[in-house]
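Structure first, commentary second.
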Amino acid sequence: MPAHVGRDGVAACDHDGDPPGGRGRASSDGRVQTSQRARDGRRDSVTVSLVTGANRGIGLEVCRQLAQCGHDVLLGARSPEAAERAAAEAGATPLRLDVTSSADIERAAAEIGHLDVLVNNAAITYDTWQRASTADLSVVREAAETNLYGPWRLTQALLPLLRRSGRGRIVNVSSGVASLTGMGGGTPSPTTRPGRR
Ligand SMILES: NC(=O)c1ccc[n+]([C@@H]2O[C@H](COP(=O)([O-])OP(=O)(O)OC[C@H]3O[C@@H](n4cnc5c(N)ncnc54)[C@H](OP(=O)(O)O)[C@@H]3O)[C@@H](O)[C@H]2O)c1
């Protein structure tokens, strides 16, 4: 079982604390490589987790806490440099992954050989002042690509790995603002899809 988040917001480890897996590195052409375990598809007791949009904010902290719990963490970020920097800080493996890029998603699915946990965390645009009647639809479209279609496409691409894991988990980070019960005639719903507050 992967770690879970306790009431205090701190990840609780519920296994015997395996050591973190191999660290990532950039090859000479700057391409970010995933850890040896993830690429080999080695199936052992270590849980392999991927967190998107994890170079800062909540994603970075999730990576840090999962790594502390012994997960082999793949830290996704759209900038390879930011991924490198954050991964070094969190004890994770950097993975260049813009969730709106089909090429990035296909490459990630091809490079990762084993995956137990996918955390769809990346998101943009907290424009709660917008109104459906006047919203700039180019902003709505960009938000929908990042917050909805990107994670959806990524999840589809990684489902075979998660199914093969036998203990696969998908965590879609969301917020109360995406709750239908609180949604009036205000902020356009694609901008506040599950996954973005
Ligand atoms: N903060 C809150 O109070 C709060 C409350 C409820 C829910 N949440 C949810 O928690 C999650 C994280 O929130 P946060 O506050 O940590 O957000 P944040 O600080 O704004 O970080 C967002 C992360 O997503 C990345 N990102 C944006 N577009 C991306 C793309 N196309 N591909 C890959 N990564 C991309 C950003 O990368 P760059 O650095 O490259 O921009 C950044 O690393 C979101 O899903 C949010 O809805 C947050």
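Using the numbering used here, the first residue of the sequence shown is number 33, and each one after it goes up by one.
Cβ coordinates follow ideal geometry from the N, Cα and C atoms, glycine included.
Residue pairing from DSSP places Ile202 in a beta bridge opposite Leu150.
When distances are taken from the beta-carbon of Ala86 to the heavy atoms of ligand 1, the shortest one is below 8 Å. Judged by DSSP in its simplified three-state form, Ala115 adopts helix. For Thr125, DSSP records a beta bridge to Leu106. Of all alpha-carbon atoms in Leu107, Gly145 and Arg199, the one lying nearest the alpha-carbon of Val83 is that of Leu107. Rounded to the nearest whole angstrom, the CA to CA distance from Thr166 to Glu143 is 43 Å.
In the same chain as Val203, and ignoring 5 residues on each side of it, the C-beta atoms closer than 6 Å to its own belong to Val151, in chain order.
Relative to the non-hydrogen atoms of ligand 1, the Cβ of Ala176 never comes closer than 8 Å to any of them. For the pair Ala141 and Pro183, the CB atoms are not nearer than the 9 Å cut-off. The straight-line gap separating the alpha-carbon atoms of Ser197 and Ser81 is approximately 11 Å. Taking a 10 Å sphere around the C-beta of Gln97, we find 16 or more other C-beta atoms and assign the residue as buried.
Assigned with DSSP and collapsed to three states, Val131 falls in coil, not helix or strand. Shown here, Val80 sits in a strand according to DSSP, grouped into three states. In this structure, the CA atom of Gly89 is about 19 Å from the CA atom of Ala210.
In summary, Gly85 is buried, with 16 or more beta-carbon neighbours lying within 10 Å of its beta-carbon over all protein chains present. For Ser111, the closest C-alpha among the options Arg128, Val78 and Gln100 is that of Arg128.
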